[in-house]
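Visitor: The opening position of the sequence shown corresponds to residue 73 in our numbering, with each subsequent residue numbered one higher. Note that CB positions come from ideal geometry on N, CA and C, so glycine has one too.
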Amino acid sequence: MIPAFAKGYNKLIQLTTIQQLEDLKDKTKDKMIAILFWASWYPECEDIKKLFEDLCIDHNHIKFTWIENPRKHNIIEVMNAYEEFYNKLFINERVRAYNDIEEILGSYPIVIFIRGSPTEPQCKSSRVLLEYLTKMEIKFRHFDILSDQRLKEWLKFYSNWPTFPQVFVNTKFIGGTEIVIEMIENDEFLGIIPTECIKTNALERIKLALQKSIVVVFMKGNPQNPRDGYQTECIKLLQDNQIRFSHFDVLKDPKFIGGLDYLKELIEKDGLVKIIPMTEMIVTMRTKVMKLINKGKFTIMIRGSPEFPACGDSKKAMVVLEKYPKIMEQLEYFDLQQDDSITRALLNYSNFGSIPQFYMNGKLIGGHEVIENLDSTGEIERLILESDVIRMKK
73 MIPAFAKGYN
83 KLIQLTTIQQ
93 LEDLKDKTKD
103 KMIAILFWAS
113 WYPECEDIKK
123 LFEDLCIDHN
133 HIKFTWIENP
143 RKHNIIEVMN
153 AYEEFYNKLF
163 INERVRAYND
173 IEEILGSYPI
183 VIFIRGSPTE
193 PQCKSSRVLL
203 EYLTKMEIKF
213 RHFDILSDQR
223 LKEWLKFYSN
233 WPTFPQVFVN
243 TKFIGGTEIV
253 IEMIENDEFL
263 GIIPTECIKT
273 NALERIKLAL
283 QKSIVVVFMK
293 GNPQNPRDGY
303 QTECIKLLQD
313 NQIRFSHFDV
323 LKDPKFIGGL
333 DYLKELIEKD
343 GLVKIIPMTE
353 MIVTMRTKVM
363 KLINKGKFTI
373 MIRGSPEFPA
383 CGDSKKAMVV
393 LEKYPKIMEQ
403 LEYFDLQQDD
413 SITRALLNYS
423 NFGSIPQFYM
433 NGKLIGGHEV
443 IENLDSTGEI
453 ERLILESDVI
463 RMKK
């Protein structure tokens, strides 16, 4: 059933004359027009008509129309006359847009298309991506998609990817935020990054140290002033055996973690997990699920994304949640299409048999039916206030 607020905004239009079509074209030059040639003797037409009514909800940039007996109104002849003109128009515009995109991609080895800028990202996904790239000390150029609606829409076709951010390396599309993070955590991302895009980091400083001589000692202090007995013994052994060597003082490197005492301190404060890559930690599937549902104040485990839900139930949930800006501003999500094992673990963990699943502060609220019920009773506003109270207590 289509919500009343959606019907009023973009509804299915019945065409009865060629002039009506021409008037619609003139009034909606910035929108696409989809036409259903409807016939009473073809049952499937009614199904498509209902589909058009549903599509009106999420696709306000398209005017959905239908016409009965198109030959009677000469609509088919008119459409055939338009076909060649619009095909050429579309192809020419695509060529221009793709040339503009490729010019941007050719300006630097790594280009990211984000909402906003590196200093002022305008969405959570852009901010998270930038945080990861900054931590890895990777150099890149960016393009703010909010500054050019035309390129934003064409870029979706160019990359065959509906959401943003989008990351390109050497003009090749890599993926969005979730894919890039997964590649980073699996130690796959650094391997595709051109050398000139990596800033001088700890790894490079180590490589430089290794290039100084055949034998390199990584030690605390230096040969003239070793910091403890182990360092002194190591230097003495090399010098007694007349081995030429260079050294690397790990205490001077900002990435150096420290000794046993500092390690114990990090563990006591839960600080170790923050600096150790996920790839180096043994994580159970249950732990992964708990980490995902606690990503933010509000988290939805969904098929697809909040912008492009990939199943009917996910879509129904998002239609309701989009009515609450306070939720949408802080909403995190995980696309369950990416990992079937996560889906199975989630269903087992929550003891809730369907998708999507909506969480508040790590606590399961329910699926799309629960969300719709809470909306109809006004309980969602109470949940928002309750979530703020819980966060304050924490």
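When you compare the CB positions of E453 and K388, do they come within less than 8 angstroms of one another, or not?
Guide: The answer is no: Cβ separation not under 8 angstroms.
Visitor: Which word fits Q296, buried or exposed, when buried means at least 16 other C-beta atoms lie within 10 angstroms of its C-beta?
Guide: Per the 10 Å Cβ criterion, exposed.
Visitor: Measuring only the C-alpha atoms, how far is S231 from D216?
Guide: Computed Cα separation, rounded: 16 angstroms.
Visitor: In three-state DSSP terms, what is A106?
Guide: Strand at A106.
Visitor: Assuming the contact rule is C-beta atoms closer than 8 angstroms, E404 and T371 should be a hit. Round their C-beta distance to whole Å, please.
Guide: Their Cβ separation, rounded to whole angstroms, is 5 angstroms, which keeps E404 and T371 in contact under 8 angstroms.
Visitor: Indicate whether T249 and P237 have their beta-carbon atoms separated by less than 8 angstroms.
Guide: Closer than 8 angstroms, so yes.
Visitor: Which residue spans inside the region 166 to 199 form an unbroken beta strand (DSSP E) run of at least 3?
Guide: 182 to 186, all fully within the region 166 to 199.
Visitor: Compute the beta-carbon to beta-carbon distance between C128 and K83, rounded to the nearest angstrom, for a pair I have assumed lies under 8 angstroms.
Guide: Between K83 and C128 the Cβ distance is about 6 angstroms, and since that is below 8 angstroms, they are a contact.
Visitor: W226 and I173: beta carbons closer than 8 angstroms?
Guide: In this structure, I173 lies closer than 8 angstroms to W226 by Cβ.
Visitor: Given this structure, state the Cα-to-Cα distance separating I329 from V322, to the nearest angstrom.
Guide: Because the pLDDT at I329 is just 48, under 50, the model does not fix this residue reliably, and the value given afterwards should be weighed accordingly. When rounded, the distance between both Cα atoms is 9 angstroms.
Visitor: Considering just the uninterrupted stretch of the beta strand (DSSP E) at L127, what are its terminal residues?
Guide: L127 -> not in any beta strand (DSSP E); alpha helix (DSSP H) instead, spanning 116 to 130.
Visitor: Among the residues of its own chain, which have a CB less than 8 angstroms from the CB of N294, if the five just before and after it don't count?
Guide: So the qualifying residues of the chain are H319, D321.
Visitor: How far does the alpha helix (DSSP H) with Q314 in it reach, from first residue to last?
Guide: It is not in any alpha helix (DSSP H) - Q314 carries neither H nor E in the DSSP assignment.
Visitor: Provide the residue(s) that pair with I139 in DSSP beta bridges, ordered along the chain.
Guide: Paired residue(s): F109.
Visitor: Go through the region 407 to 448 residue by residue and report every complete run of the beta strand (DSSP E) that reaches 3 residues or more, in order.
Guide: Here the runs fully enclosed are 429 to 432, 435 to 438.
Visitor: How would you label K101, buried or exposed, when you count the other beta carbons within 10 angstroms and need 16 or more for buried?
Guide: Classification for K101: exposed.
Visitor: Do three or more CB pairs link the region 111 to 120 to the region 206 to 214 at distances below 8 angstroms?
Guide: No, they do not touch.
Visitor: If you scan the region 226 to 267 from start to end, which runs of the alpha helix (DSSP H) of 4 or more residues do you find wholly inside it?
Guide: If we require 4 residues or more, the alpha helix (DSSP H) runs fully inside the region 226 to 267 come out as 249 to 257.
Visitor: Using the C-alpha atoms, what's the distance from S197 back to K398?
Guide: Roughly 17 angstroms between the two C-alpha positions.
Visitor: When you compare each of P381, D411, R416, N433 to N366 by their alpha carbons, which one comes out closest?
Guide: Residue N433 is the option with its Cα nearest to N366.
Visitor: Looking at the structure shown, is K466 part of a helix, part of a strand, or coil, going by DSSP?
Guide: Residue placement at K466 cannot be trusted, given a pLDDT of 47 that sits under 50; the coordinates are not used to answer.
Visitor: What are the complete beta strand (DSSP E) segments, minimum 3 residues, inside the region 201 to 230?
Guide: If we require 3 residues or more, the beta strand (DSSP E) runs fully inside the region 201 to 230 come out as 213 to 216.
Visitor: Using only CA atoms, which one of T359, F109, P428 lies nearest to S377?
Guide: Checking every option, the nearest Cα to that of S377 belongs to P428.
Visitor: Where do the N-terminal and C-terminal ends of the alpha helix (DSSP H) with I399 fall, by residue?
Guide: Segment 397 to 402, the alpha helix (DSSP H) holding I399.
Visitor: Per DSSP, what are the beta-bridge partners of D95 in this structure?
Guide: DSSP, once it has assigned bridges, lists no residue as partnering D95.
Visitor: List the residues that DSSP assigns as beta-bridge partners of G376.
Guide: G376 is bridged to P381.
Visitor: Quick one, are the C-beta atoms of M373 and L364 less than 8 angstroms apart?
Guide: Cβ atoms of M373 and L364: closer than 8 angstroms.
Visitor: Pick helix, strand or coil for L457, following the three-state DSSP scheme.
Guide: Helix, per DSSP.
Visitor: Once DSSP output is grouped into helix, strand and coil, what is the label at T304?
Guide: Helix at T304.
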